[in-house]
Structure formats: structure tokens, C-alpha cells
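Participant: Supplied in C-alpha cells, the structure appears directly below.
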Amino acid sequence: MNTHKISSNFISGLSFTAKIDQYHVEMDTTDENTQNLGPSPKKLMLASLAGCTGIDVVSILNKMKVNFSDLKIDIHASLTEEHPQIYNEVFIHYFIKVREEDQAKVQKAVDLSKDKYCGVSAMFQSFAKLNWKINFL
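Numbering of the sequence shown is given in our numbering, commencing with residue 1 and proceeding in unit increments.
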């Protein structure tokens, strides 16, 4: 069984730093006690989602030998009103520049990411409604 391990240490105020492999990621909160040392843990979840699907899409497009540029992924997420506040709806918006004849391949890459490969997306789908859109530049 494959497992992941991280270590998170308190800095001060409400800030923590997580050690993920050889990388350090600082986290903080947005309330009045913040030291503004890093993004919130919830927003890091959205960054993980963007990174996961982005890596999938790039990998699949490279295997398809599709030339692309200007790939950007924006994610907008709504939180529930009640505590604990969780994401209940997430919108993933891809922006990419490809030749018109490659647009169907981009759609296929996004579909493969969301339906088969992106584990972060699969986890999100267990608690939130996910929506996807591709804008071709």
C-alpha cells in the first residue's frame, strides 16, 4: 500500500509550516490574528486540485503530441454557511491555446483527468459538486 506522510509544525499566532518531502509550505488563516505567512489550508486544497488536474492534462496532451500554450487553471469554490465550513461546489475553469483541430483532444484530456486519473478531483467529488469548463484561447 502506498502511503503519504507530512509533518506540520506550529510557527506562531495561527501559522504552521508543513514539510512535504523536501519542501516547506507555510499556512495561515485570514482572521484578525493572522501573520499572513501563507495561504489557508482550504485554499491549498484548491491549489492541489488545480495542480493534480493540470499535471494530468499536460501529461496526456504530451502523450497525444498536442502542442499547446497559455495553459491556466482557475478554480472558484463555494463554502457552506454552517460549521465546519466545507466546499460544496467547485468550478474548474481551464484556459488553453491550441489549434482548433486539437480542441477535442484537450476535452478528452480533461475528461480523462476528471473521470480516471486525478485523485484529488475524485476526493473532492465525495463532498462537493464539481463543474468543468474549457476556454480555448
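Positions of the beta carbon are idealized from the N, C-alpha and C atoms, including for glycine.
The alpha helix (DSSP H) spanning methionine 112 covers which residue range?
Facilitator: Counting from one through the sequence shown, the residue named residue 112 turns up at place 112. Checking the sequence, you will find leucine at residue 112 rather than methionine. Boundaries of the alpha helix (DSSP H) around leucine 112: 103-112.
Participant: Taking contact to mean at least 3 C-beta pairs separated by less than 8 Å, is the segment 32-49 in contact with the segment 64-71?
Facilitator: no
Participant: May I ask you to report which of helix, strand or coil DSSP gives methionine 64?
Facilitator: The residue you call residue 64 lines up with position 64 of the sequence shown. Three-state result, methionine 64: coil.
Participant: Of the residues Gln35, Ser121 and Leu130, which one's Cα is nearest the Cα of leucine 49?
Facilitator: Numbered from its first residue, the sequence shown carries residue 49 at position 49. Measuring from the Cα of leucine 49, the nearest candidate turns out to be Ser121.
Participant: Helix, strand or coil for glutamate 89 per DSSP?
Facilitator: Residue 89 sits at position 89 when you count from the first residue of the sequence shown. Strand at glutamate 89.
Participant: To which residues of the same chain is glutamine 85 closer than 6 Å at the C-beta, ignoring the five residues directly before and after it?
Facilitator: For the purposes of this step, residue 85 is taken as the residue at position 85 of the sequence shown. Answer for glutamine 85: Leu79, listed in chain order.
Participant: Give the secondary structure of lysine 42 by DSSP, where H, G and I count as helix, E and B as strand, and everything else as coil.
Facilitator: Working through the sequence shown from its first residue, we reach residue 42 at position 42. Helix, per DSSP.
Participant: Assign glutamate 100 to one of three DSSP states: helix, strand, or coil.
Facilitator: Locating residue 100 in the sequence shown gives position 100, where the first residue counts as 1. Looking at glutamate 100 - three-state DSSP - the assignment turns out to be helix.
Participant: Figure out for me which residue from Glu101, Gly51, Gln107 and Met123 has the closest Cα to the Cα of aspartate 74.
Facilitator: Position 74 of the sequence shown, counting from 1, holds the residue named residue 74. With distances taken between Cα atoms, aspartate 74 lies closest to Gly51.
Participant: State the Cα-Cα distance for the pair serine 113 and asparagine 135, rounded to the nearest angstrom.
Facilitator: The residue you call residue 113 lines up with position 113 of the sequence shown. The residue you call residue 135 lines up with position 135 of the sequence shown. Rounded to the nearest angstrom, the two C-alpha atoms are 17 Å apart.
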